[in-house]
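Trainee:
Numbering (this note's numbering), first residue to last: 1444 to 1645.
1) Going by DSSP in three states, residue 1614 sits in which element: helix, strand or coil?
2) Can you check whether the CB of residue 1472 is closer than 7 Å to the CB of residue 1454?
3) Going by the CB atoms, is the gap between residue 1557 and residue 1494 shorter than 7 Å?
4) Rounded to the nearest angstrom, how far is the Cβ of residue 1532 from that of residue 1599, given a contact under 8 Å?
5) Report the three-state DSSP secondary structure of residue 1557 (helix, strand or coil).
6) The alpha helix (DSSP H) spanning residue 1528 covers which residue range?
7) Which of the three DSSP states is assigned to residue 1491 in this structure?
8) Between residue 1388 and residue 1526, what straight-line distance do the alpha-carbon atoms span, to the nearest angstrom?
9) Which residues in the same chain have their Cβ closer than 6 Å to the Cβ of residue 1445, if we skip the five residues on either side of it in sequence?
10) Looking at the unbroken alpha helix (DSSP H) that takes in residue 1570, where does it start and where does it end?
11) Cβ of residue 1445 less than 7 Å from any chain D Cβ?
12) Compare the Cα-Cα distances from residue 1451 to each of 1469, 1476, 1520 and report the closest residue.
13) With distance defined between alpha-carbon atoms, name the residue in 1595, 1465, 1555, 1562 nearest to residue 1573.
14) Can you grab the Cα-Cα spacing for the pair residue 1482 / residue 1542, in whole Å?
15) Put residue 1601 into one of helix, strand or coil per three-state DSSP.
16) Using DSSP with H/G/I as helix, E/B as strand and the rest coil, what is residue 1550?
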């Protein structure tokens, strides 16, 4: 059975799916969760506190997925994390906002609706994912891990257009055309750096 906090976060997400955050009322969230308003305020304090908790939950869920992707065989880990990043952003507008810093009018926005620095910004979240990749893919340098993530973010920011391979963009489980493309680009990027001649000091 979910805790009151879990029920309230789930209720807030359901409310957000139906209407913009600015019109979501605390009383409605409490009613959806089946708890009192006092319980809601005890858990989160303010609407800004609730928004911060939603965004932290989204960030934690994304990073949990990164950890799960890193259980793939070592050579496949960068591509696995890249694919997860695109899937997560496509499935959850909050994750997309956290990764890109682009927030629609429907979403709670850090700095406007969320007080202080309660949630990671795009650079911080990218760094957390990169550090996890580097730790799991040793001796792969962090710069290569970051390159894979930035490639994934390019697909998040500019998705495939309608038609061709892009027709499958809305169906994460049928991304067979996009997966080899991302994998190839990541592998090529790494091999270019690995095999390129380097100047050495005399």
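Quick reminder that beta carbons are idealized off the backbone N, C-alpha and C, glycines included. It should be emphasised that the depicted structure is a prediction, and the values quoted were computed from it without experimental measurement.
Mentor: Let me lay it out:
1) In this prediction, residue 1614 scores a pLDDT of 46, lower than 50, which makes its location untrustworthy; no coordinate-derived value is stated.
2) In this structure, residue 1472 lies closer than 7 Å to residue 1454 by Cβ.
3) yes
4) 4 Å
5) strand
6) 1520 to 1534
7) helix
8) Here the chain has residues from 1444 to 1645 only, and residue 1388 is not among them.
9) none
10) 1565 to 1579
11) Among the chains of the structure shown, chain D does not appear; only one protein chain is present.
12) 1476
13) 1595
14) C-alpha separation (whole angstroms): 31 Å.
15) coil
16) coil
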